[in-house]
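What follows is one structure encoded as structure tokens, with my remarks underneath.
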Amino acid sequence: MKNISYLLLFSGFFLLSSCEKYFDEKTDISLVVPQTLDDFQAILDAKPRGMNSSALAGFLSSDDLFLGPAILARLNYREVSAYFWRKDFYLPDEVGSDWNNAYRKVFHANLVLDGLKGYKTRSVAEENRAKILEASAKFYRALGHFESLSYFAEYYNSTNSMQLGVPIRLTSDLNQKAKRSTQKDSYQQIIDDLKFGLNILPDKPEVPTRPSAWAAHALLSRIYLYMGDYEAAYIHANATLEIDDVLMDYAKLNSNLTYSFQIFNSEVIHYGELISGRYAYDASTFVNPEIVRLYSKDDLRLFYFFKNSSVDSLKNFRGNYTGDYYIFGGLAINEVLLNRAEAAVRIGQNDRALESVNYLLANRINPASFQPYVGVKDNDLLNIIMLERRKELVFRGIRWLDLKRYNNDPSTAITLFRNYNVENSTLPPRDIRYVIPIPPKEIALNPMQQNPR
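Heads up: the sequence shown is residues 176 to 628, going by the working numbering.
Set out below in structure tokens:
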């Protein structure tokens, strides 16, 4: 492969790309243009803190975890602020990694898309490959923009067309400043990018780190569920599961593994990790004990998700779909199955919702004691699905999204509490602190409206 090189300059700060395998340093980004389809693929395959990494801020602010004194003492200012939902979120000159990670993904995608515009294919095979690369780049651009929108904008309100979204960047030209779009325009661009690849990308990927139609449908089901468009969420969840819906049977797992699940296991649709933070794998990072109490003794997740910690009453998490201590942040069949179940019950398809939740539980509960739900519907069924979503998707980085959408309905709204020494914090439903501030350094370099905190 022909090596390409660039220095990633984004929004006024310099960031050397972490994929040194492919890139060497250059000082003038205008001179750097990927030359081959292999070059474009190399950019999209950049894994270290790149295309397959997602933000940690929502995880740290969620009620999935409980941090002990040892790890709290080692966190930086922004991490402590996120955990306790403080109003002062950043130090004055701090550049937030969550913002940067999302837009680094967008930049890489745009770099490929801009390069492909001038690429002349020499065969039908090259033309097809270029089209797949274009669809893959748009998948990652959508993923980056949605990640930013999830954390740096309010919960979507379909009745407010002027509600602030995030900057939507459609070019790799860093001289072009991008202002905040409306939420309506932000979501439309994200959805358009994902739908572009539905009939171009392969149904299933060559490797789980690459996009596919399977992954595009799965991400659309997540996005539409978050937006409250349950018809569309149901359609895309169904389309995902029509490609493959086979769950692991937890009763047949190897119980002797340090981490319960292998990397690239059969439920992984698109592989991703949350950006590594010290608290993600520290022994003083505990599972919220309220979650552990939700599982019955015959629930196999109680064993495969958790392990005993150094504190008798608390558990550490070991159920990552990464095969190690990194927190899984990708897309998987179990999430999409629950997306379909919730969307189905919300549009009145109780039988399909019941079928989905029973299928999940048949692969999670000890077979000797499993009893399927029968005849449950409407709000009672919705409550069951929300409970199973809580138990199945713990430590997956999507609880923050669920909290924001649950809080839009008074009947499902949740108040969060943190109690630690002299610092007691409360986060009421729909509080402005559900929206993370844009890093001040970013606003200084690219003026835009800040989120109130």
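Here a beta-carbon is modelled for each residue, glycine too, at the ideal position from N, C-alpha and C.
(1) In this structure, how does DSSP classify F480 when only helix, strand and coil are distinguished?
(2) Look at the Cβ atom of L513, then the Cβ atom of E465, and state whether they are nearer than 9 Å.
(3) Please name the residue in K262, R571, W575 whose C-alpha comes closest to that of Y446.
(4) List the endpoints of the continuous alpha helix (DSSP H) containing R253.
(5) Measuring CB atoms only, is the segment 384-392 touching the segment 218-237, in the sense that at least three cross pairs come out at less than 8 Å?
(6) What's the C-alpha gap between L235 and S298?
(7) Please classify F592: is it buried, with 16 or more other beta-carbons within 10 angstroms of its beta-carbon, or exposed?
(8) Determine the DSSP secondary structure at N599, reduced to helix, strand or coil.
(9) Would you mind reading off the limits of the alpha helix (DSSP H) that contains P244?
(10) What is the DSSP secondary structure of R355, counted as helix, strand or coil?
(11) Which value, in whole angstroms, describes the spacing of the CA atoms of F314 and N596?
(12) To the nearest angstrom, report how far apart F321 and N374 are at their CA atoms.
(13) Would you mind stating whether E254 and Y454 have Cβ atoms separated by less than 9 Å?
(14) Roughly how many angstroms lie between the CA atoms of V532 and D213, to the nearest whole one?
(15) Using the beta-carbon count (16 or more within 10 Å), is D238 buried or exposed?
(16) Taking the DSSP output, what are the residues bridged to D474?
(17) What beta strand (DSSP E) runs, 3 residues minimum, are completely inside the segment 360-421?
(18) Does E448 come out as helix, strand or coil in the three-state DSSP assignment?
(19) Is the CB-CB distance between N463 and L602 below 9 Å?
(20) Which residue's Cα is closest to the Cα of F436: Y496, Y456, F478, N491?
(21) Just reading off the beta strand (DSSP E) that N491 is part of, what are its end residues?
(22) Answer with buried or exposed for N276, where buried requires no fewer than 16 other C-beta atoms within 10 angstroms of its C-beta.
(23) Taking Cβ positions, are Y434 and I398 nearer each other than 9 Å?
(24) Please classify D368 as buried or exposed, where buried requires at least 16 other C-beta atoms within 10 Å of its C-beta.
By the coordinates alone:
(1) Three-state DSSP puts F480 in a helix.
(2) Not closer than 9 Å, so no.
(3) Closest by C-alpha distance to Y446, out of K262, R571, W575, is R571.
(4) Going by DSSP, R253 is part of the alpha helix (DSSP H) stretching over 252-259.
(5) Counting Cβ pairs under 8 Å, three or more are found: they touch.
(6) Cα to Cα, L235 sits roughly 49 Å from S298.
(7) Here F592 is exposed. Its C-beta has fewer than 16 other C-beta atoms within 10 Å.
(8) N599: strand per DSSP, three-state reduction.
(9) First-last of the alpha helix (DSSP H) with P244: 244-247.
(10) In the structure shown, R355 sits in a strand (DSSP, three-state: E or B).
(11) Within the model, the alpha-carbon separation for F314 versus N596 is close to 44 Å.
(12) The alpha-carbon atoms of F321 and N374 are separated by roughly 21 Å.
(13) Yes.
(14) V532 and D213: Cα-Cα distance of roughly 42 Å.
(15) Buried, because 16 or more other Cβ atoms sit within 10 Å of the Cβ of D238.
(16) Its beta-bridge partners are I540.
(17) You should have found no qualifying run.
(18) E448 falls in the strand class under three-state DSSP.
(19) Not closer than 9 Å, so no.
(20) For F436, the closest alpha carbon among the candidates Y496, Y456, F478, N491 is that of Y496.
(21) First-last of the beta strand (DSSP E) with N491: 490-492.
(22) In the assembly as shown, N276 is a buried residue. Its beta-carbon has 16 or more other beta-carbons within 10 Å.
(23) It is not a contact, given that the beta carbons lie outside the stated cut-off.
(24) So D368 ends up on the buried side.
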